[in-house]
Amino acid sequence: MYGRNHSEQYIDEQGAVRKRSRRLPMKEWRVLIRDHHVGFLDWPTFQANQERIRSNARAERQQSGGAVREGSALLQGIVTCGHCGRGLFTYYRGDKATPGYRCSANDLGDGGGHYCFQVGAVGVDKAVADAFLEAITPAAVEASLLAWEQLEADRDAALRQWRLEVERARYEAERAERRYRVVEPEHRLVTRGLEAEWANRLRDLAAAENELRRREQYHARRPSPGEIERLRTLGVDLRQVWTAPTTTDRDRKELLRTLLEEVIISVAKTPPHAQVRLRWKGGAMTPLEIPLPHHAPPGLHTDEDTIELLARLAKLYPDDLIAGILNRQGRKTATGQRFTAGHVGNLRRYHKIDRYQSQADVSEGELVTVQKAAEILGVVPSTLHRWLNTGFIAGEQITPGAPWRIRMTEELRARFVEQAPPGYLPMIDARRKLGVSRQTVLQRVKRGELQAIYVRCGRRKGLRIKVVEAQPNLFQQTSLTGVQYET
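For the sequence shown, the numbering used here begins at 248 and goes up steadily by one.
Right, here's the structure in full:
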């Protein structure tokens with residue numbers, strides 16, 4: 248042999264010229280003379296060893312294969328995808344390491360971790376193992392021998408037809424040659440036409456001879472009587488050997504590979520079943536159809552109370568605020584997670600709940616957030632929160648944990664002024680005039696006994712109390728009450 252390596256020049260990233268050597272495949276070797284020297288191995292054994300080395304090599308990324316391993320997936324290394332032709336990967340899932348096969352074609356195309364399909368190995372392996380054991384039973388061996396004899400008879404008949412085809416092509420070529428040679432050289436146009444026809448007939452003859460040679464080279468060897476007897480004996484004992492506790496999964500894989508060349512799987516979803524084709528040594532195909540279990544995923548549903556609350560909140564708040572409200576109430580998603588704006592949006596769209604739309608103009612009597620009300624009234628939000636806590640202004644809370652909302656009315660707007668009207672005193676002056684504490688003044692404002700406004704401008708902005716006339720202090724009220732009680 249000569250020419251197994253090829254030297255070539257290339258330009259690297261820096262622009263420098265470099266040399267490298269590349270190993271060529273066998274079909275590209277320049278010289279290959281088989282059996283030129285006496286070797287340790289004959290040529291078929293050498294090729295079988297090379298094929299075994301290639302099949303035992305560690306699989307590259309996105310490819311399956313390799314030597315048999317200790318895992319329980321029986322078809323590891325010989326199973327391929329019926330959709331794209333790629334080798335299937337073996338995976339193990341769960342605490343019990345349940346095996347399965349998957350195709351990574353979509354993972355290659357999309358890069359998103361999606362698979363062409365994946366299928367559990369338990370049912371598929373059992374069906375393939377049963378077909379394998381059935382094929383090696385004595386009845387199957389006898390049927391295989393009869394089929395082999397029929398194939399040999401068909402092959403002999405086909406070879407006879409091809410030999411007749413070669414004879415016909417040879418006759419046509421010789422006939423074209425005779426026609427060419429009897430033409431006078433002066434008839435150039437006729438000579439060129441006959442020469443072209445002769446060349447075509449020679450090509451047909453060469454093609455027929457090559458096809459006959461190729462078909463004659465393939466010859467399935469008939470098992471010897473001793474081998475047939477051993478096969479019959481093995482068919483009786485193989486099932487016991489297969490199920491024996493001392494037989495490992497690795498042993499079963501080796502047994503499968505003695506007869507099986509490839510297992511092709513494709514999955515159909517309606518109804519769920521796997522279409523399996525077994526390619527045996529020698530090229531015979533056996534189709535199998537394996538029903539797959541249909542496991543409906545457990546339904547994950549958000550509770551109706553949360554959906555109802557979401558529908559009410561979506562009219563008033565955006566998704567991020569709704570997520571905060573639900574989390575403050577201790578609610579969880581269907582998968583037990585905290586709510587996010589994305590979860591709320593997906594849940595809202597799934598249940599066809601409209602999204603919150605903010606309005607630029609606020610109509611009379613409309614409920615607005617504290618931030619929006621503070622912007623309209625010209626105060627800071629903390630002032631409104633303080634008034635809400637003390638009860639000076641009314642607010643509404645649709646659910647615990649939700650932001651307070653204030654109804655914008657003319658009465659509320661009138662409480663926030665630029666300057667205090669006559670008769671409205673600061674808190675300290677109102678306390679002195681009324682002769683009560685600050686807390687008492689606030690309680691009277693809350694009960695509606697006193698009127699209050701808020702001055703939002705100036706150096707002395709703040710609360711103003713309207714004092715109409717002098718009010719008796721707390722002790723005077725108690726004394727007067729006691730006098731009235733005595734009379």
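No residue lacks a Cβ here, since even glycine has one placed at the ideal position from N, Cα and C.
- The beta carbon of P647 is closer than 7 Å to those of Q576 in its chain, skipping five residues each way along the sequence.
- Sequence-distant Cβ neighbours of V715 in its own chain, meaning closer than 8 Å and more than five residues away, are G670.
- Approximately 6 Å separates the beta-carbon atoms of R462 and L406; this is inside 8 Å, confirming the contact.
- When the alpha-carbon of R251 is set against those of R267, E260, E275, K266, the nearest one is in E275.
- Counting the other CB atoms within 10 Å of its CB gives P346 a total of 16 or more, which places it among the buried residues.
- The C-beta distance from A320 to A374 rounds to 14 Å, too long to fall under 8 Å, and the pair is not in contact.
- Going by DSSP, K266 is part of the beta strand (DSSP E) stretching over 264-270.
- In the DSSP annotation of this structure, S684 is not part of any beta strand (DSSP E), being labelled neither H nor E.
- Within its own chain, the residues whose Cβ lies closer than 6 Å to the Cβ of G329, once the five positions on either side in sequence are excluded, are I511, I512, S513, listed in chain order.
- In the DSSP assignment, Q618 falls within the alpha helix (DSSP H) that extends over 617-624.
- Within the same chain, Cβ atoms closer than 7 Å to the Cβ of V488 are found at T494, the five residues on either side in sequence being excluded.
- Contact annotation: the stretch 691-710 touches the stretch 650-663, with at least three C-beta pairs closer than 8 Å.
- Sorting T533, R526, W527, I537 by C-alpha distance to the C-alpha of T517 places I537 at the top.
- Counting only the Cα atoms, L624 lies some 25 Å from D676.
- If you draw a straight line from the Cα of I258 to the Cα of V278, it is about 29 Å long.
- Just measuring C-alpha positions, the residue of A378, R270, S684 sitting nearest R526 is A378.
- Rounded to whole angstroms, the gap between the alpha carbons of H590 and T580 is 8 Å.
- Residue state for F293 is assigned as helix, using DSSP reduced to three classes.
- Annotation: K680 to R694 spans about 19 Å, alpha carbon to alpha carbon.
- Inclusion of Y597 and P565 in the CB contact set at 8 Å is not warranted, their separation being larger than that value.
- Boundaries of the alpha helix (DSSP H) harbouring F379: 368-382, taken from the DSSP string.
- Annotated three-state conformation of V285 is coil, per DSSP.
- Here G332 is exposed: its Cβ has fewer than 16 other Cβ atoms, across all protein chains shown, within 10 Å.
- R497 and E298 do not touch by the CB rule: their CB atoms are close to 20 Å apart, not below 8 Å.
- DSSP lists V615 as the beta-bridge partner residues of I653.
- Where Q256 is concerned, there is no enclosing alpha helix (DSSP H), although the beta strand (DSSP E) around it starts and stops at 252-258.
- Taking 8 Å as the cut-off, the Cβ atoms of V366 and A521 count as close.
- In this chain, K528 is not harboured by any beta strand (DSSP E), its DSSP state being neither H nor E.
- When the five nearest sequence neighbours on each side are left out, the beta carbons in the same chain lying within less than 7 Å of the beta carbon of R267 are those of E255, Y257, in order along the chain.
- Taking the CA atoms as reference points, E501 sits about 45 Å from L452.
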